[in-house]
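Take a look at the structure below.
Protein chains: 2
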Amino acid sequence: MPRNQQILLDNRPQGEATVDNFRLVATDTPALQDGQVLVRHHYLSLDPYMRGRMNDSKSYAASQALGEVMIGGTVGEVAESRNPKYAVGDKVVGMGGWQEYSVVDGNAPGLLRKVDTTHVPLSHYLGAVGMPGVTAWYGLVKIIAPKAGDTVVVSAATGAVGSAFAALAKARGCRAVGIAGGPDKCRYAVEELGFDACIDYKEHSDVKALAGALKIACPDGIDGYFENVGGWIMDAVMLRMNAFSRIAVCGMIAGYDGKPLPMANPALLLINRMKVEGFIVGEHMEVWPEALKELGTLVGTGKLRPRETIAQGIAAAPEAFLGLLKGKNFGKQLVKLI
Amino acid sequence: MPRNQQILLDNRPQGEATVDNFRLVATDTPALQDGQVLVRHHYLSLDPYMRGRMNDSKSYAASQALGEVMIGGTVGEVAESRNPKYAVGDKVVGMGGWQEYSVVDGNAPGLLRKVDTTHVPLSHYLGAVGMPGVTAWYGLVKIIAPKAGDTVVVSAATGAVGSAFAALAKARGCRAVGIAGGPDKCRYAVEELGFDACIDYKEHSDVKALAGALKIACPDGIDGYFENVGGWIMDAVMLRMNAFSRIAVCGMIAGYDGKPLPMANPALLLINRMKVEGFIVGEHMEVWPEALKELGTLVGTGKLRPRETIAQGIAAAPEAFLGLLKGKNFGKQLVKLI
Chain E
1 MPRNQQILLD NRPQGEATVD NFRLVATDTP ALQDGQVLVR HHYLSLDPYM
51 RGRMNDSKSY AASQALGEVM IGGTVGEVAE SRNPKYAVGD KVVGMGGWQE
101 YSVVDGNAPG LLRKVDTTHV PLSHYLGAVG MPGVTAWYGL VKIIAPKAGD
151 TVVVSAATGA VGSAFAALAK ARGCRAVGIA GGPDKCRYAV EELGFDACID
201 YKEHSDVKAL AGALKIACPD GIDGYFENVG GWIMDAVMLR MNAFSRIAVC
251 GMIAGYDGKP LPMANPALLL INRMKVEGFI VGEHMEVWPE ALKELGTLVG
301 TGKLRPRETI AQGIAAAPEA FLGLLKGKNF GKQLVKLI
Chain D
1001 MPRNQQILLD NRPQGEATVD NFRLVATDTP ALQDGQVLVR HHYLSLDPYM
1051 RGRMNDSKSY AASQALGEVM IGGTVGEVAE SRNPKYAVGD KVVGMGGWQE
1101 YSVVDGNAPG LLRKVDTTHV PLSHYLGAVG MPGVTAWYGL VKIIAPKAGD
1151 TVVVSAATGA VGSAFAALAK ARGCRAVGIA GGPDKCRYAV EELGFDACID
1201 YKEHSDVKAL AGALKIACPD GIDGYFENVG GWIMDAVMLR MNAFSRIAVC
1251 GMIAGYDGKP LPMANPALLL INRMKVEGFI VGEHMEVWPE ALKELGTLVG
1301 TGKLRPRETI AQGIAAAPEA FLGLLKGKNF GKQLVKLI
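Protein chains in written order, with the numbering used here: chain E, 1 to 338; chain D, 1001 to 1338.
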């Protein structure tokens, strides 16, 4: 019965989240019952949606209960099994949460999935070949639904979702333009992720300036926008969107600390006959197999080379998570647990 | 060659539109050329979209040129014909503009359409069985796409679009709730148009109050919203919308005078995984035959009994139009020209 360090949600943020909202505890892992497996987590995924769960208010998912282990995606290996479907050493992806071990009912559908690490490194199943990758796929393929030659834009362009978005858009013959914070991220977006252009929103730091930079980067206007941040960046993008353009709303990280962020000019939705759709990828499990197949091939063939920012040890998770919310990470933010 | 009184756009509004933006002139109708018909207008349609045309700024349609006849839908009869497809006395609907007569190329597709007034009064081809009716049909059927039992809401509920929306929604087994200004309109909405409930926004005159009234009128939340006005009314409706709900954006009359009206909380699009779509019915001509057939049947069978507000004479058009923008009309606003 190995010792299991866990991070609990101790109290809810008042405005901005802080490390004091979390608490580190240690317990013994319980003895397994029939059908259960013990998973030792190698990596914990940190994702912006977790910030929404920390609030008590109505959101798209149940709010995280106080005193419980923070929710989160994990990859790891089976350390012990009382389920014939899983052998010790199997590599698995699941929602183990912010802890070193989890006990999972191996018979419950969807809780645990075995993965093949021959061509895809284990950690990528939390990023490009996991939830963030499928998120990019769904927004691009099912909502933006671009044709070759369309111009598509994504905010938080060098994050896990944005990275996959670029590769998926280029595979469809689109012009892909990113928005990211800082020259290093923008250079990486163009040189390594395959974006045709990337705009530094810190250099163009108001609606008018960003809209101007978008005009240059998107000479034919914008046909599709994948929204990760909301707020003034969305307002600027909307000014450059074409008739019949589409916005996939995946995140509004700018508003997660509680102050509602208005949309400056919703009349543009009518003027340009736009379509805007919010989505949560976990509600579209039917697309995961097709999406994961394409994403796995893109990674396996080197067309998608996602970068990772890796914090070491479960105790580092809160600070790494707060950094993610401020855009301090570079690519997928992970916590390495072994 | 009868004398033709016309109303021109003389100058553009600075903020609110006024009667001084228009100018009344009179000319002789020109002699017909081969293929042309002279139409004597019986009714001119006044519609909110015309306000957008008066501005110089980018909108979904070309801005109305200064010194030209105001654009507008008309019904009338053929007064003279040099086209074998049209006989004197034929009843026709077209886009004749704010004038008493128009000369039309009878061979150009879509400019003129003969209509049957056996079961449907001529004027209704500008309302319930015309562009406003098809507008309601498209937004309800193609964007909101409700199933029986859904709750759908429309603003400007007693206008030409809202009236048709109620009948179409009830025919689909929906709970139909209107928003209108004043107790008379609300009573009419429920007693004559078939709305299950109608909320007076003048009685509930802020976001919180209106959201509270909507909560009572829509105990199961709102599945679809047909937007005619924008601004704070939209903000209130959004607070009561269900997961996976849809908004058809047809008009944002509240913003037509120039000041952009923000959407207070676009994060709700994500939280509730909503779909929002702007549309212009003239871009979806493929649905008109099906929509007009249903609308004609609803009117012919008395299930849709649209009310009309009728101004007399072309000179009365500007004032009637400004009244429409302020919600002074009751049902479809027309100008009777003969």
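Cβ atoms here follow ideal geometry from the backbone N, Cα and C, with glycine treated the same way.
Because the structure is a prediction, the values reported are computed rather than measured.
key: Cutoff 8 Å: E:Phe279 Cβ touching any chain D Cβ   = True, the Cβ-Cβ gap to chain D drops below 8 Å.
request  = May I have the straight-line CA-CA distance separating E:Asp56 from D:Arg1187, to the nearest angstrom?
outcome  = The alpha-carbon atoms of E:Asp56 and D:Arg1187 are separated by roughly 40 Å.
query = Quick one: is E:Val276 near chain D, going by C-beta distance under 8 Å?
reply = So, interface residue.
message = Is the beta carbon of E:Tyr138 closer than 8 Å to that of E:Ala17?
response = No, Cβ-Cβ distance for E:Ala17 and E:Tyr138 is not below 8 Å.
Sequence-distant residues of its chain with Cβ nearer than 7 Å to D:Val1237 (five each side left out) = Counting only Cβ-Cβ distances below 7 Å, and skipping sequence neighbours, we find Val1153, Leu1214, Ile1222 and Tyr1225.
inquiry  = Run through chain E and tell me which residues come within less than 8 Å of D:Leu1140, C-beta to C-beta.
reply    = In chain order: nothing, as chain E lies at least about 17 Å away.
query = Around the Cβ of E:Gly245, are there at least 16 other Cβ atoms within 10 angstroms (buried) or fewer (exposed)?
reply = Note that residue 245 of chain E corresponds to Ser in the displayed sequence, not to Gly. Answer is buried; the Cβ neighbour count reaches 16.
task = Figure out for me which residue from E:Ala180, E:Ala166, E:Lys147 and E:Leu140 has the closest Cα to the Cα of E:Ala342.
result = Residue 342 of chain E cannot be examined here, being either before or after the span of chain E that is shown, 1 to 338.
inquiry  = Once DSSP output is grouped into helix, strand and coil, what is the label at D:Asp1200?
reply    = The answer is strand: DSSP assigns D:Asp1200 an E or B state.
ask   = Is it a yes or a no for the stretch 1068-1084 of chain D touching the stretch 1029-1045 of chain D, going by three-plus beta-carbon pairs under 8 Å?
value = Using a C-beta cut-off of 8 Å, the stretch 1068-1084 of chain D makes contact with the stretch 1029-1045 of chain D, since at least three inter-stretch Cβ pairs fall below that distance.
query = Just to confirm, are E:Gly89 and D:Pro1266 a CB contact at a threshold of 8 Å?
reply = Not a contact, by the Cβ cut-off of 8 Å.
E:Asp220 versus E:Cys198: straight-line alpha-carbon distance, rounded = When rounded, the distance between both Cα atoms is 16 Å.
ask   = Under a Cβ-count criterion, where at least 16 other Cβ atoms within 10 Å of its own Cβ denotes burial, should D:Gly1127 be classed as buried or exposed?
value = D:Gly1127 is buried by the Cβ-count criterion.
ask   = From this set, E:Glu191, E:Asp196, E:His119 and E:Ala217, which residue's C-alpha is nearest E:Gly173's C-alpha?
value = It is E:Asp196 whose Cα lies nearest to the Cα of E:Gly173.
request  = Could you check the C-alpha separation between E:Thr27 and E:Thr151 for me, to the nearest Å?
outcome  = Answer to the nearest angstrom: the Cα atoms are 51 Å apart.
request  = Let me know the beta strand (DSSP E) ranges lying completely inside the stretch 104-139 of chain E, each 3 residues or longer, listed in chain order.
outcome  = Counting only unbroken stretches of 3 or more residues, the beta strand (DSSP E) elements lying wholly within the stretch 104-139 of chain E are 112-114, in sequence order.
ask   = Rounded C-beta distance between D:Thr1074 and D:Met1095? I'm assuming under 8 Å.
value = Correct: roughly 7 Å between the Cβ atoms.
request  = Spell out a yes or no on whether the stretch 156-169 of chain E and the stretch 266-276 of chain E are touching, meaning 3 or more CB-CB pairs, one atom from each, closer than 8 Å.
outcome  = Not touching, per the Cβ criterion.
message = Among D:Pro1183, D:Leu1239, D:Leu1295 and D:Leu1269, whose alpha-carbon lies nearest the alpha-carbon of D:Met1131?
response = Checking every option, the nearest Cα to that of D:Met1131 belongs to D:Leu1295.
ask   = Residue range of the alpha helix (DSSP H) that E:Ala166 falls in?
value = Under the DSSP assignment, E:Ala166 falls in the alpha helix (DSSP H) whose first and last residues are Ala160 to Ala171.
inquiry  = I'd like to know whether the C-beta atoms of D:Ala1176 and D:Gly1194 end up nearer to each other than 8 Å.
reply    = It is a contact, given that the beta carbons lie within the stated cut-off.
request  = Assign D:Ala1315 to buried or exposed, taking buried as 16 or more other Cβ atoms, counted over all protein chains shown, within 10 Å of its Cβ.
outcome  = Burial call: exposed.
inquiry  = Does E:Lys185 come out as helix, strand or coil in the three-state DSSP assignment?
reply    = Helix, per DSSP.
query = How big is the Cα-Cα spacing for E:Asn242 and E:Asn272?
reply = Just so you know, the alpha carbons of E:Asn242 and E:Asn272 end up roughly 6 Å apart.
key: Delimiting residues of the beta strand (DSSP E) encompassing D:Ile1310   = Segment Glu1308 to Gln1312, the beta strand (DSSP E) holding D:Ile1310.
Contacts that D:Ala1217 makes with chain E (C-beta to C-beta distance below 7 Å) = Close to D:Ala1217, with beta-carbon spacing below 7 Å, lies no residue of chain E; the smallest spacing is near 20 Å.
query = Which residues in the same chain have their Cβ closer than 8 Å to the Cβ of E:Val299, if we skip the five residues on either side of it in sequence?
reply = Non-local C-beta neighbours of E:Val299 in its own chain, meaning closer than 8 Å and more than five positions away in sequence, comprise His119, Val120, His124, Ala128, Val129, Arg305 and Pro306, ordered along the chain.
ask   = If the cut is a Cβ gap below 7 Å, which residues of chain E does D:Leu1269 touch?
value = Here the neighbours are Val249, Val276 and Gly278.
inquiry  = Less than 8 Å between CB atoms is the rule here; does D:Pro1289 satisfy it with respect to chain E?
reply    = No Cβ of chain E is located within less than 8 Å of the beta carbon of D:Pro1289.
ask   = Among all the DSSP beta bridges, which residues are the ones paired with D:Tyr1225?
value = By DSSP's assignment, D:Tyr1225 forms a beta bridge with D:Val1153 and D:Ile1247.
message = Please identify the residue among D:Met1054, D:Pro1002 and D:Met1263 whose C-alpha is closest to the C-alpha of D:Ser1063.
response = Residue D:Met1054 is the option with its Cα nearest to D:Ser1063.
request  = Taking D:Ile1233 as part of the beta strand (DSSP E), name the residues at either end of that continuous run.
outcome  = Counting along the chain, D:Ile1233 falls outside any beta strand (DSSP E), though it belongs to the alpha helix (DSSP H) covering Trp1232 to Met1238.
task = Consult DSSP for D:Asp1090 and reduce its assignment to one of helix, strand or coil.
result = Residue state, collapsed to three classes: coil.
key: Residues of the stretch 150-184 of chain E whose Cβ lies closer than 9 Å to any Cβ of chain D, in chain order   = Result list empty, no residue passes.
key: Distance between beta carbons of D:Leu1044 and D:Gly1072, contact taken as under 8 Å   = Between D:Leu1044 and D:Gly1072 the Cβ distance is about 6 Å, and since that is below 8 Å, they are a contact.
ask   = Grouping DSSP H, G and I as helix and E and B as strand, with all else coil, what is D:Leu1066?
value = D:Leu1066 falls in the coil class under three-state DSSP.
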